[in-house]
Amino acid sequence: MNSKSRKLYNESLSDDYLFQQIRDDHYESMELFFKRYYEKLCRFGLAYETNLCVVEEKVADIFIELWKNRKSLDKITNPKSYIYVIAKNRLIKVDKFEYLQQPLNENQFGNTMNFPSREEEIIDAEKKEINSILISAILKHVSKKSRQVFELSRIDGLKYKEIAEVLNISSKTVENHIALAIRQISEALLLPKIKKIINKHN
552 MNSKSRKLYN ESLSDDYLFQ QIRDDHYESM ELFFKRYYEK LCRFGLAYET
602 NLCVVEEKVA DIFIELWKNR KSLDKITNPK SYIYVIAKNR LIKVDKFEYL
652 QQPLNENQFG NTMNFPSREE EIIDAEKKEI NSILISAILK HVSKKSRQVF
702 ELSRIDGLKY KEIAEVLNIS SKTVENHIAL AIRQISEALL LPKIKKIINK
752 HN
């Protein structure tokens with residue numbers, strides 16, 4: 552199996568399957584689970600602790616303890632929610648939020664049906680990078696809670712129910728925060744285009 556096939560195979564493995572393998576002492580699965588969530592948890596943790604070194608240390612400890620207590624993982628029904636809740640509980644120290652810019656998942660911008668040329672790939676990558684930078688900048692002006700909910704949904708891929716469980720809020724509240732963030736992002740992205748059209752006809 553080549554590296555690309557291996558990557559696709561690893562991505563196809565569910566969290567539940569990895570937890571089962573970890574319980575059965577498969578360290579490779581532990582490494583894969585770590586790689587899947589370490590950076591995401593560090594970014595999430597910065598909502599509660601602005602010192603990156605502290606966040607990285609606490610998040611690393613979560614995975615160490617996960618491995619040490621692997622025999623009790625059969626009690627966990629939702630691995631993703633479980634580790635996010637642990638991270639939140641470990642890092643609730645400060646209220647000040649410092650947004651960590653991360654490129655948004657390219658899947659949210661859609662996929663093309665045809666295989667693009669190398670030039671098209673470069674142009675597409677540049678557009679996505681511009682979009683991610685713009686959205687990251689816009690999110691700085693969105694309320695702390697709406698921003699956090701939006702990131703957990705659109706960047707980390709958590710479902711509304713999982714976000715509600717992690718943040719201890721209702722699914723309806725999650726939905727409202729997402730709608731608010733999307734509306735503000737849409738308005739901010741459309742405003743320059745509207746101004747350009749108006750100026751063109753003046």
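Residues in the sequence shown are numbered from 552 upward in steps of one, following our numbering. Positions of the beta carbon are idealized from the N, C-alpha and C atoms, including for glycine. On a predicted model such as this, the values are computed, not experimentally measured, just so you know.
- Counting along the chain, Lys691 sits inside no alpha helix (DSSP H), nor does DSSP assign it H or E at all.
- Here DSSP, grouped into helix, strand and coil, assigns Ser565 to coil.
- Per the C-alpha coordinates, the member of Ile573, Phe585 and Ala638 positioned closest to Leu624 is Ile573.
- In this structure, Ala739 and Ser697 do not form a Cβ contact; the two beta carbons are roughly 13 Å apart against a cut-off of 8 Å.
- Within the same chain, and ignoring the five residues on either side of Pro630 in sequence, the residues whose Cβ sits closer than 6 Å to its Cβ are Asp566 and Phe570.
- Using a Cβ distance threshold of 8 Å, Val700 and Val725 count as a contacting pair.
- Here DSSP, grouped into helix, strand and coil, assigns Lys710 to coil.
- Sequence-distant Cβ neighbours of Tyr588 in its own chain, meaning closer than 7 Å and more than five residues away, are Ile634.
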